Structure formats: C-alpha cells, structure tokens
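For reference, the structure is listed below as structure tokens.
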Amino acid sequence: MPNRIEIKTAALPLKATGTLVVYVAEDTAPTGGAADVWQATGLDWTRIAAAANFKGKQGQVIDLLAPAGVKADRLLVLGSGKAGQGSSLSAWTDRGGSLAGKLANLKANKVAVLLDEAGMTPEQVAELAAGLRLRHYKFDAYKAKKPDDGADGALAVTLHVDGKPAVDKAIADRQATAEGTLLARDLIHLPPNVLGTLEFAAEAAKLAELGVEIEQLDEKAMRKLGMNALLGVAQGSARPPRLVIMRWNGGKAKEQPIAFIGKGVVFDTGGISLKPGLGMEDMKGDMGGAAAVTGLMHALAARKAKVNAIGVIGLVENMPSGTAYRPGDILTAMSGTTIEIVNTDAEGRLVLADALWYTQDRFKPKFMINLATLTGAIGVALGSDHAGLFSNNDDLSARLLAAGLATGEKLWRLPMGAAYDKQIDSRFADIKNSGGRPAGSITAAQFLARFVNDVPWAHLDIAAVALASPSSETNTAWASGFGVALLDRLVETGLLSNERFA
Ligand code: BES
Ligand code: MN
Ligand code: ZN
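To convert, take the position in the sequence shown, counting from 1, and add 9; that gives the working numbering.
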C-alpha cells in the first residue's frame with residue numbers, strides 16, 4: 010500500500026540499519042548519541058563539515074553512504090539550528106516535516122532517527138513525529154497510473170528516544186490530532202461527484218466507531234425547525250441537504266459543552282449568481298470548514314479528550330437550476346430574521362446562520378466557534394499566512410491567537426462594528442446577504458453575528474488557508490486541514506476548569 014507511514018519509538022542505544030538520521034546543532038560538533046555514531050565511522054568531523062559547508066543550520070545536510078563502522082546504509086547528519094531555537098512547538102512540527110521531505114527525496118523507506126538532544130521534551134518529539142506524518146501525506150487515490158518514482162511511498166520510522174513511555178503517550182495523542190488533520194484534507198480533496206452531501210454525512214457518521222454520537226437532520230426535520238436560510242441554498246441541487254450533529258462526551262456528565270460549526274458547501278457554483286468558470290473546480294473545497302470540524306471531532310475522540318464537544322456541519326450544494334433560489338428572494342431564517350438575497354453566491358453565511366442559531370439554541374454552549382471558506386476577500390486582506398478571526402469576545406480571541414502561534418495555524422483578528430453592520434441593512438427585509446465589495450470579509454462576519462446571542466463566539470474565515478495551500482514544511486498537498494490542530498490545541502490548553510469567558 011502506498012502512502013503508508015509507521016512511526017514507533019525505541020530506547021537508546023541503537024543498532025539501526027537502513028537510513029540513520031542524527032542532528033547536530035549550530036556551530037557545534039556532534040554530541041551525545043550522535044557523537045558515538047560519528048566516532049564509530051572513524052571520519053574526521055572538522056574536515057567533512059568544512060567540505061560539506063555544514064554549520065549545523067536548519068536545512069543543512071551531510072549525507073554519507075555506506076559509512077564504515079555503522080550498520081546503516083546511509084548516515085544523514087542534519088543541522089538542528091541554534092540550541093533553543095525550537096522553543097515554539099510548530100518549529101518541531103516543521104523539523105519533522107522537513108525530515109520527511111528529505112527522506113522522500115532520497116526514497117528512504119526504513120529510517121532510524123536519533124533524538125537525544127538535551128532538554129528535548131516528549132511533546133517536542135511528538136510534534137516532530139506529527140510533522141513526519143503530515144508531510145508524508147499525499148492524495149493520489151484517483152491516479153490510475155501511479156507515478157513511477159521507484160519507491161512505493163511506504164515509510165517506517167523509528168525514533169530513538171530517552172524516556173520512551175512518556176514519549177509514546179505524547180506521540181499517541183499528537184498522532185490522533187494529525188489523523189484528524191489528514192481526514193480533513195482527504196474530505197476536501199475528494200472530487201465533488203464523489204463527495205456529495207449524503208456521502209459527507211456518511212463519512213461523518215463513521216466517527217461513531219470512535220464513540221462520537223451522531224445525529225442527522227434531513228430536509229423535513231430542518232423545514233420543521235424553520236431553517237429556511239440553509240434550505241434556500243440547498244433547493245437548487247438534486248442532492249438533499251443534511252445537518253450533522255456530532256457529540257463527543259469526554260467531560261463530566263453535566264458539563265456545559267463547547268461547540269464547533271462548519272460550512273459544508275460540497276460544491277459552490279455560485280448558484281444563479283454563477284461564478285466565472287476559471288478555477289471553479291476549487292469550489293469542491295467549499296466544505297473546508299465542515300471538514301475541519303469533522304477532523305477535530307475525530308481528533309478529540311481518538312485521543313479521548315476530557316471535554317464535552319459538539320460539532321455541527323451544514324451540508325448543502327449551491328447549484329443553479331429551475332428550483333434554485335434567486336436574487337430578490339426573501340428567506341426567513343430559523344431565528345425569525347428575514348434575509349433579502351442579493352447574491353446567491355453569498356451562500357455560506359446562510360447555511361451558518363441556521364446552524365449557529367440551532368447550536369446555541371439547543372446546546373447552550375460555553376462558547377461556539379465556526380469555520381468557513383466564507384469569502385474570497387479574506388485572501389486579499391491576509392493572503393494565506395493567516396486565517397481571519399472575528400469575535401465578540403476578547404478572551405476567546407486571545408486563546409485562539411495563542412493556539413494559532415503554537416500550532417503554526419495562525420490567525421489575525423479583524424474589526425467588527427456598527428458601521429460595518431449597516432452595510433447589510435436591507436430595503437425590503439431585516440438584512441441582505443451581501444454588503445458589496447468594501448470590507449467583504451467583515452460584512453460577512455457581521456451577517457453571522459446577527460445570528461449569535463450572548464454566547465462567546467468566534468468566526469474563522471479559512472477560505473485562503475484551507476485550499477490551494479502553498480507548500481510548507483508540513484504539507485505539499487492542495488488542502489491543508491487548517492483548523493484541526495489549532496482547535497485541538499485550544500481544547501487541550503486553552504480551557505481551564507470553572508473558566509469564564511468574560
Ligand atoms: N465559497 C466562496 C468563498 C471562497 C472563495 C472560498 C475562494 C474559497 C476560495 C463564497 O461562497 C463566496 O462565493 N463568497 C463571495 C461573497 C460575495 C458574493 C459577497 C465572494 O467571496 O466573492
Ligand atoms: Mn459562494
Ligand atoms: Zn461558498
């Protein structure tokens with residue numbers, strides 16, 4: 010099977026075969042286990058380091074084939090940079106990703122990595138292991154003809170560490186989260202003829218195997234609840250809409266849950282306000298928010314997080330047809346708010362309007378966070394290095410921003426306010442679904458805010474970070490899975506018992 014990666018740990022010392030990887034810090038000679046390995050080769054460190062122009066900087070390599078004195082066929086000495094440079098967790102994920110990239114170039118498939126740096130924590134090793142897995146990922150399920158690259162892509166890595174039990178626990182937890190990220194990537198990558206609304210719902214339902222409780226609302230149930238904003242979007246498609254509710258009850262029985270809501274437009278043509286053809290294929294990824302929520306629920310359940318978490322995803326397809334909703338239509342959302350449709354391509358906010366209202370109404374969450382590939386404008390504002398953060402709560406925002414820095418899934422908070430809110434006032438209804446070009450991402454957030462009451466809430470506009478991702482140390486695929494690691498981190502570190510979101 011291609012695309013496999015197996016990661017295990019072993020105690021020191023090592024008698025590795027295959028490829029052996031050791032790290033050397035900037036401007037130093039090998040230390041610890043790396044020094045022992047180097048000594049066994051009988052080679053002159055100073056001379057070889059100078060010949061290879063190796064100074065121990067991150068990214069630098071000495072690559073020795075069949076060195077004498079060690080069993081390994083290949084000895085890779087990698088620079089680990091300045092001591093203490095890896096203080097941010099995401100630097101360790103990047104280190105793992107960078108290693109996976111090098112191993113792929115070398116077509117290595119059996120690898121031992123010596124990790125005995127002084128002061129290295131189990132969490133850091135786990136982060137490196139996650140980076141390996143994330144970078145190793147590729148989506149080639151639909152290539153009938155596999156690229157003839159000589160290797161089958163399988164990779165077996167043994168990390169040689171001190172304090173194996175603590176490292177194993179940290180790795181197991183972190184791999185659960187990485188699996189969630191990869192699930193999100195897979196869902197985003199699946200072509201829209203394969204992953205429709207029902208197929209997505211069926212994928213989410215598989216989380217039942219991990220102990221997640223699944224409920225599904227069909228069109229009739231949503232009609233009864235008055236979810237006419239979501240249903241308006243769905244009515245042009247032959248595919249029926251679904252609202253999927255995922256519940257992970259890992260916390261105390263009576264503990265108030267936290268909630269995550271995702272935009273799941275399985276394909277966004279724009280509807281009657283049809284999008285231009287160029288690049289429209291990317292709109293298979295317009296369910297990136299729902300994919301992140303599903304990946305997060307997978308992660309929380311797989312690592313048995315001690316939290317009560319709700320995931321709600323609104324699954325629809327936005328199509329132009331004889332039954333499609335039109336510009337000029339007025340829809341009444343579940344909240345009772347009336348919405349004038351001025352652009353059927355501003356559909357995500359309609360889906361979220363009902364999903365947000367339903368979530369706060371039914372579950373009374375401690376806080377709720379929605380993720381959505383909501384606006385093209387967010388990429389104009391922030392590019393793809395930060396997702397947009399919009400919130401009614403400074404405390405929740407601060408925790409999210411911190412989780413973003415730790416995981417490398419970075420956020421930037423944008424303003425909201427009455428002046429922007431005015432842009433979505435409607436002549437005929439309570440609000441209209443687009444405020445036009447100026448501040449397009451902010452007015453989209455203002456629209457969502459109309460469906461949020463007193464609950465602490467944050468909206469993450471991930472349109473420019475979830476899809477068409479630039480290559481990074483931890484991802485060379487099209488979809489990033491943005492949001493899973495971020496929110497998993499928020500749950501893990503950002504929640505204290507008896508906390509209050511002021
Ligand atoms: N799904 C799009 C936003 C999008 C654009 C996601 C590019 C990923 C990449 C969204 O439904 C949309 O069409 N938004 C419109 C809003 C406008 C009509 C007010 C947009 O951004 O142009
Ligand atoms: Mn749209
Ligand atoms: Zn959309």
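Think of the CB as a built atom: it goes at the ideal place given N, C-alpha and C, for glycine as much as any other residue.
What you are looking at is a predicted structure, and each value in this text was computed from that prediction instead of being measured.
Query raised in the report: In whole angstroms, what separates the C-alpha of Gln-69 from that of Leu-108?
Result: Within the sequence shown, the letter at position 60 stands for residue 69. Within the sequence shown, the letter at position 99 stands for residue 108. Gln-69 and Leu-108: Cα-Cα distance of roughly 11 Å.
Requested in this report: Spatial neighbours of Pro-374 within its chain, please: CB distance less than 8 Å, with the 5 preceding and 5 following residues excluded, ordered by chain position.
Outcome: Numbered from its first residue, the sequence shown carries residue 374 at position 365. Once the five neighbours on either side are set aside, the close Cβ partners of Pro-374 are Gln-265, Pro-266, Ile-267, Ala-268, Ile-319, Thr-368, Val-464.
**Report entry** Residues bridged to Glu-222 (per DSSP)
**Finding:** To locate residue 222, count along the sequence shown from 1; it is residue 213. Answer by DSSP bridge pairing, in chain order: Arg-256.
Query raised in the report: Is Gly-110 helix, strand or coil when you go by DSSP?
Result: By one-based count along the sequence shown, residue 110 stands at place 101. Residue state, collapsed to three classes: helix.
Query raised in the report: What residue does the beta strand (DSSP E) around Phe-148 start on, and which one ends it?
Result: Residue numbering aside, residue 148 sits at position 139 when the sequence shown is read from its first letter. Element bounds for Phe-148: n/a, residue is neither H nor E.
**Report entry** With 16 other Cβ atoms within 10 Å as the buried cut-off, status of Lys-441
**Finding:** Numbered from 1 along the sequence shown, position 432 holds the residue referred to as residue 441. Buried, by the Cβ-count rule.
Query raised in the report: Per DSSP, Lys-17 is paired with what?
Result: As a working mapping, residue 17 is identified with position 8 in the sequence shown. Lys-17 pairs with Thr-167.
Requested in this report: Could you tell me the distance, in whole angstroms, from the CA atom of Val-221 to the CA atom of Val-134?
Outcome: Position 212 of the sequence shown, counted from the start, is the residue given in the question as residue 221. Position 125 of the sequence shown, counted from the start, is the residue given in the question as residue 134. So the two alpha carbons sit approximately 29 Å from each other.
**Report entry** With 16 other Cβ atoms within 10 Å as the buried cut-off, status of Met-10
**Finding:** Here the question's residue 10 lines up with position 1 in the sequence shown. Summary for Met-10: the model assigns pLDDT 37, below 50, so the residue's position carries little reliability; its value from the coordinates is reported in the next sentence. Its Cβ having fewer than 16 others within 10 Å, Met-10 is exposed.
Query raised in the report: Alpha carbon to alpha carbon, how far is Gly-503 from Gly-41?
Result: Locating residue 503 in the sequence shown gives position 494, where the first residue counts as 1. Locating residue 41 in the sequence shown gives position 32, where the first residue counts as 1. Near 36 Å, if we compare the C-alpha coordinates of Gly-41 and Gly-503.
Requested in this report: Check Tyr-334 in the structure and name its three-state DSSP category.
Outcome: Against the sequence shown, residue 334 aligns to sequence position 325. If DSSP states are grouped into helix, strand and coil, Tyr-334 belongs with coil.
Query raised in the report: Any idea what DSSP makes of Arg-142, helix, strand or coil?
Result: Reading the sequence shown from its first residue, position 133 is the one you call residue 142. In the structure shown, Arg-142 sits in a helix (DSSP, three-state: H, G or I).
Query raised in the report: What's the C-alpha gap between Lys-4 and Asp-295?
Result: In the structure as shown, the chain begins at 10 and stops at 511. Residue 4 is therefore absent and cannot be evaluated.
Query raised in the report: What did DSSP end up calling Val-176 once you bin it into helix, strand or coil?
Result: Here residue 176 corresponds to residue number 167 of the sequence shown, with the count starting at 1. Residue state, collapsed to three classes: helix.
Query raised in the report: So, helix, strand or coil for Ile-281, using DSSP?
Result: On the sequence shown, residue 281 is found 272 positions in, with the first residue counted as 1. Reduced to three states, the DSSP call for Ile-281 is coil.
Query raised in the report: Just to check, is the beta-carbon of Asn-352 closer than 8 Å to a non-hydrogen atom of the ligand BES?
Result: On the sequence shown, residue 352 is found 343 positions in, with the first residue counted as 1. At least one heavy atom of the ligand BES is nearer than 8 Å to the Cβ of Asn-352, so yes.
Query raised in the report: Which same chain residues, not among the five before or five after Ser-506, have their C-beta less than 8 Å away from its C-beta?
Result: Here residue 506 is taken as the residue at index 497 of the sequence shown, counted from 1. Low per-residue confidence applies at Ser-506: pLDDT is 45, beneath 50, and the placement is therefore not dependable, though the value from the model is reported in the following sentence. Hits under 8 Å: none found.
Query raised in the report: Under a Cβ-count criterion, where at least 16 other Cβ atoms within 10 Å of its own Cβ denotes burial, should Phe-460 be classed as buried or exposed?
Result: Taking the first residue of the sequence shown as position 1, residue 460 is located at position 451. Buried, because 16 or more other Cβ atoms sit within 10 Å of the Cβ of Phe-460.
Report task. Measure from the alpha carbon of Asp-177 to the alpha carbon of each residue in Thr-190, Ala-150, Leu-199, Pro-131, then state which is nearest. Result -> Residue 177 sits at position 168 when you count from the first residue of the sequence shown. Minimum Cα distance to Asp-177 is reached at Pro-131.
Query raised in the report: Run through DSSP, which three-state label would Arg-422 get?
Result: By one-based count along the sequence shown, residue 422 stands at place 413. Note: Arg-422 maps to strand in three-state DSSP.
Query - Residue(s) in a DSSP beta bridge with Gly-88 - result: Against the sequence shown, residue 88 aligns to sequence position 79. Answer is Val-33, bridged to Gly-88.
Query - Closest by C-alpha distance to Tyr-429, when choosing among Phe-456, Leu-240, Gly-280 - result: To locate residue 429, count along the sequence shown from 1; it is residue 420. Out of Phe-456, Leu-240, Gly-280, Phe-456 has the C-alpha closest to the C-alpha of Tyr-429.
**Report entry** Residues bridged to Ile-322 [DSSP beta-bridge criterion]
**Finding:** For the purposes of this step, residue 322 is identified with residue 313 of the sequence shown, where counting begins at 1. Answer is Val-253, Gly-271.
Requested in this report: Would you give the residue range spanned by the beta strand (DSSP E) that Lys-119 belongs to?
Outcome: Start at 1 with the first residue of the sequence shown, and residue 119 comes out as number 110. Segment 119–124, the beta strand (DSSP E) holding Lys-119.
Report task. Could you tell me if the beta carbon of Lys-66 falls within a distance shorter than 8 Å of some heavy atom in the ligand MN? Result -> As a first step, residue 66 is located in the sequence shown; it is residue number 57 there, counting from the start. Not under cutoff, so the answer is no.
Query - Range covered by the alpha helix (DSSP H) that runs through Ile-433 - result: In the sequence shown, counting from the first residue as 1, residue 433 sits at position 424. It is not in any alpha helix (DSSP H) - Ile-433 carries neither H nor E in the DSSP assignment.
Report task. Just the C-alpha distance for Thr-353 and Glu-35, rounded to the nearest angstrom, thanks. Result -> As a first step, residue 353 is located in the sequence shown; it is residue number 344 there, counting from the start. As a first step, residue 35 is located in the sequence shown; it is residue number 26 there, counting from the start. Near 56 Å, if we compare the C-alpha coordinates of Glu-35 and Thr-353.
Query raised in the report: Whose C-beta lies closer than 6 Å to the C-beta of Val-366 among residues of the same chain, with five residues either side of it excluded?
Result: Here residue 366 is taken as the residue at index 357 of the sequence shown, counted from 1. Checking the sequence shown, residue 366 turns out to be Trp, not Val. Excluding positions up to five away in sequence, the list reads Met-343, Ser-344, Phe-460.
Requested in this report: Classify Ala-179 as buried or exposed, calling it buried when 16 or more other Cβ atoms lie within 10 Å of its own Cβ.
Outcome: If you number the sequence shown from 1, residue 179 lands on position 170. Classification of Ala-179: buried, given that the 10 Å Cβ count is 16 or more.
Requested in this report: Taking only the alpha-carbon atoms, compute the straight-line gap between Pro-479 and Ser-393 and give it to the nearest angstrom.
Outcome: Within the sequence shown, residue 479 is the residue found at index 470, counting from 1. Within the sequence shown, residue 393 is the residue found at index 384, counting from 1. Going by the C-alpha atoms only, they are around 8 Å apart.
**Report entry** Inter-stretch contact (C-beta, 8 Å, three-pair minimum) for the stretch 489–497 and the stretch 190–197
**Finding:** yes
Requested in this report: For Lys-24, I'd like the list of residues in its chain whose CB is within less than 8 Å of its CB, leaving aside the five on either flank, ordered along the chain.
Outcome: Taking the first residue of the sequence shown as 1, we reach residue 24 at position 15. Lys-80, listed in sequence order.
Query raised in the report: In this structure, what does DSSP give as the bridge partners for His-468?
Result: For the purposes of this step, residue 468 is taken as the residue at position 459 of the sequence shown. Partner(s): Asn-379, Phe-399.
Query raised in the report: Is the CB-CB distance between Glu-326 and Ser-450 below 9 Å?
Result: Here residue 326 refers to the residue found at position 317 of the sequence shown. Here residue 450 refers to the residue found at position 441 of the sequence shown. No, the pair does not count as a contact, with Cβ atoms beyond the cut-off.
Query - Bridge-paired residues (DSSP) for Leu-309 - result: Translated into the one-based positions of the sequence shown, residue 309 becomes position 300. The partner list for Leu-309 (beta bridge, DSSP) is empty, contrary to what the question assumes.
Requested in this report: Could you tell me the distance, in whole angstroms, from the CA atom of Asp-338 to the CA atom of Glu-349?
Outcome: Looking up residue 338 in the sequence shown gives position 329. Looking up residue 349 in the sequence shown gives position 340. Spanning the two alpha carbons is a distance of roughly 6 Å.
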